[in-house]
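**Student:** Residue numbers (our numbering): 87 to 487.
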């Protein structure tokens with residue numbers, strides 16, 4: 087049975103194919119960064135092996151480039167580990183739940199690991215017990231992963247890049263793709279006006295502070311606690327901690343109402359994320375939003391997040407419109423690959439739900455933009471928003487006159 091387990095494991099991995107797929111991902115990553123961070127493409131000729139390339143000196147790189155350099159190495163390790171773990175899980179499932187389980191139990195009985203007459207032999211089979219019993223097979227499988235990783239590290243960085251390029255081109259040819267997701271995303275990023283987005287967010291900051299009041303939660307249960315000394319709390323410490331992070335003394339929203347807490351001032355906030363946590367004064371009800379299961383007091387994070395999302399969706403719609411009208415033949419090849427009909431290929435939500443590459447890329451962009459914005463100093467953006475607001479008022483007055 088040991089030899090059978092070895093065969094099951096090794097049969098699940100096509101080494102050359104897996105290395106080729108990892109090379110393709112490496113190529114696509116370098117290509118995606120070529121415009122904004124050309125250093126990664128240029129350095130392909132500077133190192134003899136992938137090991138040297140992945141361990142490149144990053145002292146002269148920007149913060150973002152250092153992150154990219156780290157991701158290049160981590161992604162290779164992760165993809166290898168992910169594929170091997172997937173095969174391991176499948177084999178263990180077969181040994182525990184499949185037809186092979188009877189033979190596994192029989193062998194374990196012979197070794198005295200399972201009693202001769204157990205009430206339920208299957209309970210003795212776990213992932214850990216199976217791996218321990220066939221340790222040699224799983225160690226050999228792990229050695230295969232290690233050898234594949236060493237093979238990648240020993241390869242020429244430029245050759246590994248070219249291998250990925252060949253794989254990518256072959257894939258496009260096989261599926262008759264005149265364009266792929268990268269072309270789609272390249273157009274998206276080229277037409278994404280970050281400065282325009284920052285103007286919208288800055289104006290929103292100014293309007294939020296200039297036209298609104300601060301609010302705070304007032305606990306309605308305090309009076310009852312004062313009147314009924316010794317009565318049990320309405321919310322135990324664990325539930326309160328779940329609702330408010332780590333502060334069980336904070337009231338839950340069910341026990342509290344919002345009350346005005348003075349005017350807002352830009353001087354009250356150093357960073358944007360501090361403003362995000364302020365209450366808007368509005369209560370969101372399930373009847374108003376079908377995505378909501380329980381009512382809650384909204385905070386400005388919701389409004390700023392919606393503004394960012396709406397802007398990104400607008401650029402996505404513009405991108406779809408461009409390819410639908412200006413690059414119809416190319417876009418049709420991508421649509422046929424995904425089996426999008428005429429309506430689906432123009433639907434942003436449907437495209438995001440069916441293309442992992444596009445969805446992941448835009449989610450990653452959104453996360454980075456949100457992080458950069460929320461960590462920004464508030465006052466410069468507030469002043470920028472104030473100027474934009476004043477220009478807007480003057481423009482409206484001119485129209486009225």
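Beta carbons: idealized from backbone N, C-alpha and C, even for Gly.
Cutting at 6 Å between CB atoms, please list the residues of its own chain near residue 370, excluding the five before and the five after it.
**Tutor:** 378, 382, 384
**Student:** Would residue 249 be called buried (16 or more neighbouring beta carbons within 10 Å of its own) or exposed?
**Tutor:** buried
**Student:** Leaving aside the five residues before and after residue 298 along the sequence, list all residues of the same chain whose C-beta is less than 7 Å from its C-beta, in chain order.
**Tutor:** 350
**Student:** Could you have a look at residue 343 and say whether DSSP puts it in helix, strand or coil?
**Tutor:** strand
**Student:** So who's on the other strand from residue 130, going by DSSP bridges?
**Tutor:** Looking at the DSSP output, residue 130 shares a beta bridge with no other residue.
**Student:** If you measure between the beta carbons of residue 220 and residue 91, is that distance less than 9 Å?
**Tutor:** yes
**Student:** Between the alpha carbons of residue 174 and residue 229, how many angstroms are there, rounded?
**Tutor:** 13 Å
**Student:** Who are residue 281's beta bridge partners in DSSP?
**Tutor:** In the DSSP output, where bridge partners are listed per residue, residue 281 has none listed.
**Student:** Considering residue 303, what are the terminal residues of the beta strand (DSSP E) in which it resides?
**Tutor:** 299-305
**Student:** Along the chain, where does the alpha helix (DSSP H) that runs through residue 231 open and close?
**Tutor:** 221-240
**Student:** Exposed or buried, what is residue 294 when buried is set at 16 or more other beta-carbons lying within 10 Å of its beta-carbon?
**Tutor:** Buried, since its Cβ has 16 or more Cβ neighbours within 10 Å.
**Student:** Are residue 111 and residue 150 touching if we call contact CB-CB under 9 Å?
**Tutor:** no
**Student:** Report yes or no: do three or more beta-carbon pairs, one from the region 157-170 and one from the region 261-272, lie closer than 8 Å?
**Tutor:** no
**Student:** When DSSP builds the beta bridges, which residues end up paired with residue 90?
**Tutor:** In DSSP, residue 90 forms no bridge with anything.
**Student:** Please determine if the region 456-469 and the region 270-279 are in contact, where contact requires at least 3 C-beta pairs separated by less than 8 Å.
**Tutor:** No contact exists between the region 456-469 and the region 270-279.
**Student:** Put residue 384 into one of helix, strand or coil per three-state DSSP.
**Tutor:** strand
**Student:** Taking 7 Å as the limit between beta carbons, can you name the residues of its chain near residue 140, skipping five residues before and five after?
**Tutor:** 158, 159
**Student:** Quick one: what's got a C-beta closer than 8 Å to residue 393's C-beta in the same chain, skipping five residues either side?
**Tutor:** 286, 287, 290
**Student:** At the level of alpha carbons, what is the spacing between residue 417 and residue 477?
**Tutor:** When rounded, the distance between both Cα atoms is 40 Å.
**Student:** On the criterion of 16 or more Cβ atoms from any shown chain inside 10 Å, does residue 153 qualify as buried, or is it exposed?
**Tutor:** exposed
**Student:** When the Cα atoms are used, what is the spatial distance from residue 95 to residue 198?
**Tutor:** 25 Å
**Student:** So, do the region 352-368 and the region 239-246 have three or more beta carbon pairs nearer to each other than 8 Å?
**Tutor:** In this structure the region 352-368 does not lie against the region 239-246, because fewer than three pairs of beta carbons, one per stretch, are closer than 8 Å.
**Student:** Does the Cβ-Cβ distance between residue 267 and residue 447 come in under 9 Å?
**Tutor:** yes
**Student:** I need the straight-line Cα distance from residue 466 to residue 355, nearest angstrom please.
**Tutor:** The C-alpha of residue 466 lies about 12 Å from the C-alpha of residue 355.
**Student:** Using the C-alpha atoms, what's the distance from residue 283 back to residue 452?
**Tutor:** 12 Å
**Student:** Look at residue 211 and residue 181 and say whether their C-beta atoms are less than 9 Å apart.
**Tutor:** A contact, by the Cβ cut-off of 9 Å.
**Student:** Exposed or buried, what is residue 256 when buried is set at 16 or more other beta-carbons lying within 10 Å of its beta-carbon?
**Tutor:** exposed
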